[in-house]
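The block underneath contains the structure these notes are about, expressed in structure tokens.
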Amino acid sequence: MNNIKENIVLTFFVGLFLGAISIFLAIGGGPLNVSLFVIIFHFTMKQSSVYSIATVFFSQITKIISIVASAQYHMFDMKMIPMLIIASIIGGYIGTVWNQKISSANLENLYTVFMIAITAITCFNVIHFI
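Quick note: the sequence shown uses my numbering, first residue 894, plus one each step.
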């Protein structure tokens, strides 16, 4: 499939799965999203990152609304929120600038390095948990 519009049903269910699993597991889902978009829709890494950001954004918005609606926000340190917002905006800007300057091949290599690092951290946490 070269275009997301070619199969709206598949697109819907992929989005549903990614949104649900990222909230259920509390992982955000970025690396998983990008990988599945590349595999299922044959997007480039740069295209996949845009769709991944949209998926993560909307799934996290629903989580925030649910926390506020159920008055669970007292479980979180609300003093951190302004700093996290500012840091996220700055980090997003820096990431966008880097993304525009790096070649697709280098981006794929960098993604592979980060996936290996995430896998290593996950293995360490599993061993530490056991």
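Here a beta-carbon is modelled for each residue, glycine too, at the ideal position from N, C-alpha and C.
Outcome for residue i when other beta-carbon atoms lying within 10 angstroms are tallied against a minimum of 16
| i | result |
| --- | --- |
| N992 | exposed |
| Y944 | buried |
| F930 | buried |
| A919 | exposed |
| S941 | buried |
| M894 | Low confidence applies to M894: its pLDDT is 46, below 50, so where it sits in the model is not reliable enough to give any reading. |
| F906 | exposed |
| F969 | exposed |
| F936 | buried |
| I1009 | exposed |
| F1007 | exposed |
Nearest to residue i (by Cα), restricted to the options the options
| i | options | result |
| --- | --- | --- |
| V912 | M976, I1009 and N926 | Going by the sequence as given, residue 912 is Gly instead of Val. Of the candidates M976, I1009 and N926, the one whose C-alpha sits nearest the C-alpha of G912 is N926. |
| G923 | F906, S952, N900 and I983 | S952 |
| G988 | H935, I946 and S915 | I946 |
| F950 | V1019, I1011 and G985 | G985 |
Run of the alpha helix (DSSP H) containing residue i, from where it starts to where it stops
| i | result |
| --- | --- |
| G908 | I901 to F917 |
Whether residue i touches residue j by CB criterion (9 Å)
| i | j | result |
| --- | --- | --- |
| T955 | G908 | no |
| S981 | M938 | no |
| L903 | I932 | no |
| I958 | Y966 | no |
| G921 | S915 | yes |
| L1003 | I1014 | no |
### Task
Run through the region 931-1006 for me and flag every whole alpha helix (DSSP H) of 4 or more residues, listed as ranges in chain order.
Counting only unbroken stretches of 4 or more residues, the alpha helix (DSSP H) elements lying wholly within the region 931-1006 are 938-962 and 973-994, in sequence order.
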